[in-house]
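Each remark here refers to the structure printed beneath this line.
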Amino acid sequence: MKLSALYRLELALLACLAPASAAQDPARPQVDREAMWFAPKAEDWAKPCLLTFQRTWDDAVAVARETGKPILICVNMDGEIASEHYAGVRYRQPEIAALYEPYVCVLASVYRHTPRDHDETGQRICCPRFGSVTCGEHIAIEPFLFDRYFEGVRVAPRHIMVELDGQETYDVYYAWDTDSVFSAIRKGIADRQAPPPTVVRGDRPIVERVASRDIVDRAAVEKAFAEGDATLKQALLEAAKKHAASEPLDLLRQGIFGLDATQNRLAREALSGLGSESAAVLMVDALRAPLEAQEREPLIAALERIGQTSPRAKTYANVQRGLGTRSSAVDAAAWRARLESSEPPELVQQRYEAQAKFESSAQKLEAGVEDPQSLLDLAESCVALAAAPDTKRQRARLYWRDAYDQARRAEQLAGESARAHGLLALAAFYLGQREEAYERVTKAFTGEPGAAETWQGMALLALFAEARRTAIEQALRERKEWPPQWLADVNTAYGLLARHPLGTAQQVAQHVDFLLKLRAAGPADQALELGLRRFPAAWELHASLRGRLLYDRGVAGLEPEYARRLEAQPTGTLAWYAAYASLVTAEYRRREKDPARAREAYERALSLYARATQLDETLRETSDHYAAMALAAEARLALEANELATAVELLLASFARKETAAASEDGLNISPVMTAKTLRARLAEAQQQELLAKLQGALDSLDPRLLELPEWDRGGVPPGGGERPRQRR
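Rendered as C-alpha cells:
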C-alpha cells in the first residue's frame, strides 16, 4: 500500500529556497524560513483570494491586447513554505492585490485542490486556494508555460512579466523576501511607456458580453444564464453560437447539462461549431449522455474536423467510432469459450509437463528428426520453462534464446504460422526485441486459441494489448492517423485478460487508465468494477475507484460509497480502504478551508484504521503509518487555529504512533516534521517555553534523517540570486 501524495506531478516543482548554509552561499541572508514566510492561519485562509486570474493563456492574450496590459505569470506550489505564504496570506491582502491589478494575471500550479472542475449541472467549481480559476485550468496552463517561459526550470513561487509581443520583462524567483518580488512587480509597471487604456464592460448588454474572453465577462454571462429565464438562456446560447471564436465553453456546459431539452440541443449545436481541443473535451463529455444517432453524429463529426489539426481530438473521434466495433484480430468468443471450459494446470504439473515435453522434443532433434512440429514443441516447452517461477533469470534467458531459435527454424522449414508467431513474439519480447515482438504478436491470433488458459495464452493477450496500446500512443505523439479498430483490439484483449485465470490487477489498471486517458469513461467504469470484484485488495484499482468517484460525485460522494461497500463486505481490507478514503476526504476539506469537516474526516479515518486492524492484524503497520499521518494533519489544523497546546499533543501522538511516518508528506505536501518546525516557530513567537521544550524534546528523539528537508527543497540558488536578467526573445 503506497505512501505517496495524491495528484502529484512526476517531478515535484523544485523549491524556491535552498538549504545551503551561509558559508556555502555568502549572498544568502541569515533568515528564519518560518519567520520570513510565516504559515497562513485559519483566519487567513478564510479570506478570499483577491487576485483575478484568466482561465486560459489564449484568454489572457486576448484581454492583454484589448486592454494594453502586460501579462503576469504567477507560479505556486503546495507545501513549499514561501508558496504557502503567498497563496494563504499575500494574495488575500488588498494592498498586495492592488499591485497585481495593472496586469492580466494567469496562475500555474500543478496541484489539484478540488476533485472536479464542474458539478453535475455544469456549474464551475473554482479552486479554493486561488479563487477565480478551476484546478483544471491552473494545472492545464503549466506545461505550456513551462515550454515557453520557464527555461527548463520548475520552481515556485515565481513571477514572470510578459509584454504584448510575448517577450519577458522580468522573471523573479529564489527571492529571499517578499519585498524583492513586490518591488519588481511595481517597477515593471512604472517602467512602461504609457498606462493602458481603461476598458469598461459592465454597462454592455449581457448578451453582447458573450463575445468577450475576459473572466469578468465570462463569470457575469454564466451567472446570468444560471439565474435567467428560458428566454434569456436561449438568447445567450444563440449568442454563443454566433461568437464561436470566444469559446464560451462554461456557458455551453451549463446548457448541455441543464434539465431543459431545448437548451441541451441548442448548446450542443453551438458546441459542434467550435474548433479547439478544449471544445473537443466538452464534446466527449456531452457524448456520455444517451443521445440519438442524429444528435451524436454532429459532435463526432466535429471531433473529426478538429482532429485534422489536433491528434487529441482525432483520438476522441476514434474512441467514439472504435468502442462500438468488434476486434477483427482476436476471436473473443472462441477465447472466452476456451477459458470457461478449461483450467490452468497446477504449477508443479505444468513444470513437469514442460520438462517432459522439452526432453522428448530434444531427443527427436538429436535423432535427426527436424520436423517443424517437433521444433515448435521444443520452443513451447522452452517458453514454459523460462516463465516458471523457480527458473533463475540467467537460465530463463537461455530458455528464451532457445525458444526463439527453434521457432525461427520451424518457420524457415514450414513457413509462417500463428503458433510460430506467438512463440517468436514472446521470445523476442523477453530478449528485449520489442519491435519484432509487437509486429509478430498481431499475427498470432488467427485460427483456434490453443492453450488459452495457460501462462502462454495470458502472456500473448497481454503482449497484444501492449502492442496495440503502444501503437496508438506512438501515433498520437507523431500526429498520425490510427484506425479505430486498434482500440477495439485493445478492449478485447484486456477484456479477456480480466477473465483469464492468470490475469492480474495491474492489467486491469492498465486497461482502465488507458480508457480514461481517451476519455472513454463508461467502458472504463465497467472494466474497473469487474476488476474490483476479482481483485478486491488491489491498490491500483482502488486508486482508480477513488478518482472516478471524486470526478463523478465530488468529495461528498467518496466516503458514502466506501461505507456502502464495507457494509456489503466487512473485511479488514475494505475497512483499510474506507479509512484511506476518509483521509482523502479530509485533505480535500483542508483544501476547501473547511477545518471542522476535515477534523471529522480524520477522526473517521482513525476509527476505520482501528477497525481494519481488528479485522486483519496484518494491516497494522500500514494502518499505524496513516493513522500517524492523520494525527499530524489534525495537529496542522490545530496550529492554523492557533490551538498550540493541542497541536503539540497531536504531534507527539503522531510520533509515538509511527515514528517513521514523521518525514512522509501528505496530499498537501506537508509532513509531520514540517508541521513541527512551523509549530516550533509559532511557540517561540508566543513565548510558550514549556510547550516549546516538550516539542523540541520529541524532535530530538527522532532519527536525524527524518528532520532533513525534503528532496525537492534542497536546490541551490543560481547565479544572480534567482532573477534572470531581462531578455528580449
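At position 593 of the sequence shown (counting the first as 1) the number is 722 in our numbering, and the numbers step up by one without a gap.
All residues carry an ideal CB built from backbone N, CA and C; glycine is no exception.
Because the structure is a prediction, the values reported are computed rather than measured.
- Put simply, of 200, 438, 670, 419 the residue whose alpha carbon is nearest the alpha carbon of residue 318 is 200.
- In the three-state DSSP reduction, residue 182 falls in the strand class (E or B).
- In the DSSP assignment, residue 287 falls within the unbroken beta strand (DSSP E) covering 287-291.
- In the DSSP assignment, residue 568 falls within the alpha helix (DSSP H) that extends over 563-570.
- Taking each of 836, 784, 794 in turn and checking the Cα distance to residue 806, the smallest one comes out for 836.
- Bounds of the alpha helix (DSSP H) holding residue 753 are 749-769.
- Distance from residue 344 to residue 274 at the Cβ level is roughly 17 Å; contact not present, criterion being Cβ atoms closer than 8 Å.
- Distance from the Cα of residue 719 is smallest, within the candidate group 380, 448, 187, 242, for 242.
- Here residue 248 is near residue 683, since their CB atoms are less than 8 Å apart.
- The shortest C-alpha to C-alpha distance from residue 554 to any of 521, 527, 590, 543 is the one to 590.
- According to the DSSP secondary-structure assignment, residue 237 is paired through a beta bridge with 204.
- Looking from the CA of residue 526, the closest CA among 558, 361, 687, 416 belongs to 558.
- Residue 595 is not bridged by DSSP to any residue.
- In the DSSP assignment, the residues bridged to residue 297 are 291.
- Sequence-distant partners of residue 265 (beyond 5 residues in either direction) whose C-beta falls short of 6 Å from its own C-beta, in its chain, are 246.
- Just measuring C-alpha positions, the residue of 542, 418, 517, 521 sitting nearest residue 583 is 517.
- At a Cβ-Cβ threshold of 8 Å, residue 258 and residue 226 do not count as neighbours.
- Three or more beta-carbon pairs separated by less than 8 Å link the region 731-747 to the region 700-713, which places the two stretches in contact.
- Taken through DSSP and simplified to helix, strand or coil, residue 372 comes out as coil.
- Its Cα nearest to that of residue 620, the residue 597 stands out among 597, 633, 605.
- Residues of the same chain with a CB within less than 7 Å of the CB of residue 532, apart from the 5 flanking positions on each side, are 508, 511, 512, 515, 552, 556 in chain order.
- Going by DSSP, residue 357 is part of no alpha helix (DSSP H) at all; its letter is neither H nor E.
- Between residue 192 and residue 233, the gap from beta carbon to beta carbon is short of 8 Å.
- Taking 8 Å as the cut-off, the Cβ atoms of residue 659 and residue 452 do not count as close.
- Judged by DSSP in its simplified three-state form, residue 640 adopts helix.
- By the neighbour-count criterion, in which a residue is buried when 16 or more other Cβ atoms sit within 10 angstroms of its Cβ, residue 609 is exposed.
- Beta-bridge annotation (DSSP): residue 278 is not paired with any residue.
- Contact between the region 437-449 and the region 645-658 is present, with at least three C-beta pairs closer than 8 Å.
- In this structure, the beta-carbon distance from residue 449 to residue 432 falls below 8 Å.
- Under the DSSP assignment, residue 197 falls outside any alpha helix (DSSP H); it carries neither an H nor an E label.
- Linking residue 504 to residue 550 through their CA atoms gives a straight-line distance of about 13 Å.
- Excluding its 5 nearest sequence neighbours in each direction, residue 657 has C-beta neighbours in its own chain below 8 Å: 637, 641, 670, 673, 674, 677, listed in chain order.
- For residue 651, the closest C-alpha among the options 618, 542, 417, 455 is that of 417.
- Look at residue 533 here: in three-state DSSP terms it is helix.
- Residue 368 is positioned such that its CB atom lies no closer than 8 Å to that of residue 384.
- Looking at the DSSP output, residue 302 shares a beta bridge with 287.
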